[in-house]
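Worksheet for the structure shown next.
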Amino acid sequence: MSKPRNKKSRPQRQSEPSTQLDFWIALFVAIVTLAVFFPATRNEFVAWDDYELLVNNPRYRGLGWEQLRWMFSTFYMGHYQPLSWVTFGLDYLLWGMDPFGYHLTSVLLHTANAVLFFFVALRLLSLTIPPGLRDLALKAAAASAALFFAIHPLRVESVAWVTERRDVLSGLFFLATILSYLHATTVSHASSFRRRWLCVALIFYSLSLLSKATGVTLPVVLLVLDVYPLRRLRYVPGTWWFGPSARPIWWEKVPFLVLAAAAAVIAPLAQHDAGAMASLRRHGLLPRLAQSSYGVVFYLWKTIWPTDLSGLYELPPNLNVLAWPFLLTGAVVVGITIGLFMLRHSWPAGLASWICYVIIVAPVLGIIQSGWQMVADRYSYLSCLAWAVLAGGGLYNWRERSIDPRRDGRKFFFFATGAAAVIIMTLGILTWKQVKVWHDTDLLWNHILAITDKSTFKSGNVHHLVARSMVDRGDWDRAVEHFRKSIEIEPNLAPFYSDLGNALARQGRWDEAVENFQKALALNPNLSVAHFNLGNALALQGRFGEAAAHLQDALRIKPDYTQAYNNLGRVLAAQGQLDRAIDLFRRAVQIQPDFAEAHQSLAMALEEKGRKEEAVQELQEATRIMKSRSEAQAQR
Numbered sequence: 001m002s003k004p005r006n007k008k009s010r011p012q013r014q015s016e017p018s019t020q021l022d023f024w025i026a027l028f029v030a031i032v033t034l035a036v037f038f039p040a041t042r043n044e045f046v047a048w049d050d051y052e053l054l055v056n057n058p059r060y061r062g063l064g065w066e067q068l069r070w071m072f073s074t075f076y077m078g079h080y081q082p083l084s085w086v087t088f089g090l091d092y093l094l095w096g097m098d099p100f101g102y103h104l105t106s107v108l109l110h111t112a113n114a115v116l117f118f119f120v121a122l123r124l125l126s127l128t129i130p131p132g133l134r135d136l137a138l139k140a141a142a143a144s145a146a147l148f149f150a151i152h153p154l155r156v157e158s159v160a161w162v163t164e165r166r167d168v169l170s171g172l173f174f175l176a177t178i179l180s181y182l183h184a185t186t187v188s189h190a191s192s193f194r195r196r197w198l199c200v201a202l203i204f205y206s207l208s209l210l211s212k213a214t215g216v217t218l219p220v221v222l223l224v225l226d227v228y229p230l231r232r233l234r235y236v237p238g239t240w241w242f243g244p245s246a247r248p249i250w251w252e253k254v255p256f257l258v259l260a261a262a263a264a265v266i267a268p269l270a271q272h273d274a275g276a277m278a279s280l281r282r283h284g285l286l287p288r289l290a291q292s293s294y295g296v297v298f299y300l301w302k303t304i305w306p307t308d309l310s311g312l313y314e315l316p317p318n319l320n321v322l323a324w325p326f327l328l329t330g331a332v333v334v335g336i337t338i339g340l341f342m343l344r345h346s347w348p349a350g351l352a353s354w355i356c357y358v359i360i361v362a363p364v365l366g367i368i369q370s371g372w373q374m375v376a377d378r379y380s381y382l383s384c385l386a387w388a389v390l391a392g393g394g395l396y397n398w399r400e401r402s403i404d405p406r407r408d409g410r411k412f413f414f415f416a417t418g419a420a421a422v423i424i425m426t427l428g429i430l431t432w433k434q435v436k437v438w439h440d441t442d443l444l445w446n447h448i449l450a451i452t453d454k455s456t457f458k459s460g461n462v463h464h465l466v467a468r469s470m471v472d473r474g475d476w477d478r479a480v481e482h483f484r485k486s487i488e489i490e491p492n493l494a495p496f497y498s499d500l501g502n503a504l505a506r507q508g509r510w511d512e513a514v515e516n517f518q519k520a521l522a523l524n525p526n527l528s529v530a531h532f533n534l535g536n537a538l539a540l541q542g543r544f545g546e547a548a549a550h551l552q553d554a555l556r557i558k559p560d561y562t563q564a565y566n567n568l569g570r571v572l573a574a575q576g577q578l579d580r581a582i583d584l585f586r587r588a589v590q591i592q593p594d595f596a597e598a599h600q601s602l603a604m605a606l607e608e609k610g611r612k613e614e615a616v617q618e619l620q621e622a623t624r625i626m627k628s629r630s631e632a633q634a635q636r
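So the sequence shown is residues 1 to 636, counted in the numbering used here.
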C-alpha cells in the first residue's frame, strides 16, 4: 500500500458532493443491514438466558431510581453491564414484554454499528493512499468492508439473541471510540483540537466498557494503529518506539489504560460471582493454550467459510492438547505470525490486522475460561473488524489492478466487482437463514444438537443446557430425557445428577430423586444445591431430621442461600422448634426483602406463637409482593 497522506495544519473540510456521497453510501449500508436482520424482530425470547435475564427478572423493568441502582450495582448472571440494562429498561417502558421491541432495538443498534464502521473503514483505508485519488473506489471499498462485517453470519448470535444486546451496544461505543481517536490524530496538528477529541474518545470508551467489557484491550489496538496506518509511532534504532517524540503518544493512552484496568478487574469478579470461572485444576494451563490457538484459527476460518454455525461449541471434558485439531491450529497460528512478520515491510496492513485481531479476541480465547463454551460466534463481533477492513482494502487493490493499462484491466474489473457482489450477497443469504435458527427455543436447540452430533468435540453440556431450557418451560418429561443423556455422555459431573433429581422430584418420583441427589453429593460433597434439593425431598417424605442436616449443610456452604433458610425454618417449625424457625425466616427476608414465601412462613410461625399483629404485617407484606409479581407476569 502507498504511504499515508500528509497531515494538514488545520482541519480538512470535505467537499459538499463528497459529504453527500458519504451520506448516501452510509444509508445504503444501513438499509441492506436492516433488511437482512429485520426477520429477527419476529423471533421470540429463547429459553437460554433470555428467560432468566429478562422474562423472569422484574428488577430491570423501568428506569426509576430503584431500577437504576440495581443496574449499576449488580453482577447478575456474570456480567457488569449497566448501560445494557438501561436499554432493556427502556425497552420495557416502550414495549412491555413483547419480544418484537427488544429484537428491534438490537437490530437498530447493529445497523448503527454498520454505518459507524463504514466511516471507520473509510478513514483507515484513506490513510494508505494519496489524497484525492479514486475517491469513489475508496468509498466503495469502505462500504464493502462495512457490509462484510455487518451481514456476515457470525454476527447473528450477537444480534438475534436478545441476551447478547451487550455485544452490539458495547460495539457501538467501541467503534465511536476508534472513529473519535482517528479524528483526533489525523485531522489537525493543533494540540487543543486533539485533546478535545481524545476526551470524546475516552468518554465513548467508558460507555463501551459500561455496556460490556469486550473492548478491554482497545488501548493496545490504538497503539497498533499508531504504528500502522497512522505512522505516529516509528521504529528508531536504539530507542525502538519509545524515543522522546513518542512519549506524548504513550502518555495519551494512560487514561484509556486506567479504564481498561478497572474493567479487567471487574469482569472476572462478575464471572466469579456467577460461579462461571473455571479453576486451573479443572482446566489446566496447557489445555487453555491449546484452546486459545484453536479459537484464533476458528474465528478466522469461520469468517472465510461460515457454515455449520452453532449457538454452542462445547468445551471437551478432558481436552487432549495432542489431538490433531489443536496441533494443527497451533501450527497455523505460528505460521501466519511468522509469514506476516516477514511481509511487514511490503504488506504492513496484513501484520497490523493480525495483531489487532489477536489482541481484541485474546480475553475470550480461554486463558481466563468461563462458561461451557470452547468458542462462540459472538466473540467475533469486534475481533473480526480487522478482517473486514482488510477485505475492503483487497477490493480496492483489485480495482487498482483493473485500471492498470499493462494488464487486461477491463476483464479483471468485472471479475473483481462481480466476485465482491457475489460474496456479499451470499453472506446476506446465509445470515438471513441463520437468523431464523434463533426464532424460538425448539429451533435453536434442535439446530445446536444437530451441529454437535457432527462435531469432533462432545460433552454432556448441550443436553444439560437443553434440559435446563425445558425446566424453564415446565416441560419435565423432556427435561428428564435430556438430563439422562447428559449423564450418559459425562457420568462424573455432580450438577447433572442434582438437576436430574430436581426434575424427577417435580414429577413426584421421590425415591429416584433422592437417589440422584445422593449421587451428586458422592461426586461433590460441597454442592450446596444438591444438599438443598435432597433436604427438600427428605422433608416431603417426612424424614425431618435428615432433611434438616442437609439444609444446614447447604447453608454452611452458601451462607446467603435464602431458600435454604426458609425451608430449614419450615422443617424446624414442623418439629415444633418455632423460635429457631422464626429466626431463620427473619434471616431469609433480611437477605432478600422481596422473598414473599419467607414472609408467609414467618407470618404462619408468628401466628402459631400468638403474635398476631406481627403475623398480619408479614402476611400483608407477602400479599403485596405476590400482587406485584402477578402484575409483572401479566405484562409478559
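Think of the CB as a built atom: it goes at the ideal place given N, C-alpha and C, for glycine as much as any other residue.
Kindly give me the distance between the Cβ atoms of residue i and residue j, rounded to whole angstroms, as I take these residues to be in contact under 8 Å.
i: G62; j: Y92; result: 6 Å
i: A520; j: L527; result: 6 Å
i: A513; j: L504; result: 4 Å
i: A522; j: G535; result: No, A522 and G535 are not in contact; Cβ-Cβ is about 16 Å, not under 8 Å.
i: A160; j: F204; result: Wrong, their Cβ atoms sit about 25 Å apart, outside the cutoff.
i: R218; j: A260; result: Reading the sequence as shown, one finds Leu at residue 218 and not Arg. About 7 Å separates the two Cβ atoms, so the contact holds.
i: L116; j: L179; result: 6 Å
i: A121; j: A137; result: In fact, because the Cβ distance is near 13 Å, the residues do not count as touching under 8 Å.
How would you call residue i, buried or exposed, if buried means at least 16 neighbouring beta carbons within 10 angstroms?
i: Y235; result: exposed
i: L169; result: buried
i: K454; result: exposed
i: C199; result: exposed
i: D499; result: buried
i: N461; result: buried
i: W445; result: buried
i: R624; result: exposed
i: I367; result: exposed
i: K7; result: In this predicted model, K7 has a pLDDT of only 42, less than 50, meaning its place in the structure is not dependable; the value taken from the coordinates is given anyway. Classification for K7: exposed.
i: F415; result: exposed
i: W240; result: exposed
i: L286; result: exposed
i: A388; result: buried
i: N566; result: buried
i: R344; result: exposed
i: D226; result: buried
Ordered along the chain, which non-local residues of its own chain (more than five positions away) have a Cβ less than 8 Å from that of residue i?
i: V224; result: A352, I355, C356, I359
i: H482; result: H463, H464, V466, A467, M470
i: W432; result: V36, P39
i: L606; result: I582, K612, E614, A615, E618
i: S18; result: D135
i: V216; result: L209, A260, A263, A264, A267, P363
List the DSSP bridge partners of residue i.
i: Q373; result: E314
i: W240; result: V236
Going along the chain, which residues of its own chain have a beta-carbon closer than 7 Å to the beta-carbon of residue i, five neighbours each way excluded?
i: L147; result: V29, V32, I424
i: E164; result: E157, S158, R378
i: F326; result: A290, S293, Y294
i: W476; result: A503, R506, Q507
i: L21; result: K139
i: H283; result: Q369
i: I448; result: S310, G311, L312, V462
i: T456; result: P325
i: S211; result: Q81, L83, S84, R166, L169, S170, F173
For residue i, which residues from the same chain have a beta carbon less than 6 Å from its beta carbon, with the 5 sequence-adjacent residues on both sides left out?
i: D49; result: T163
i: L619; result: A603
Three-state secondary structure (DSSP) at residue i?
i: Y299; result: helix
i: A421; result: helix
i: C199; result: helix
i: M470; result: helix
i: E481; result: helix
i: E44; result: coil
i: H464; result: helix
i: R155; result: helix
i: C384; result: coil
i: E490; result: coil
i: M97; result: coil
i: M1; result: Caution is warranted here: a pLDDT of 42 is assigned to M1, below 50, making its placement in the model unreliable, and no coordinate value can be reported.
i: S9; result: Bear in mind that a pLDDT of 40 at S9, under 50, signals an unreliable position, so the number given afterwards is only what the model happens to contain. Coil at S9, not helix or strand.
i: A323; result: coil
State yes or no: is the C-beta of residue i nearer than 6 Å to some heavy atom of the ligand NAD?
i: H439; result: No copy of the ligand NAD appears in this structure; indeed no ligand is present at all.
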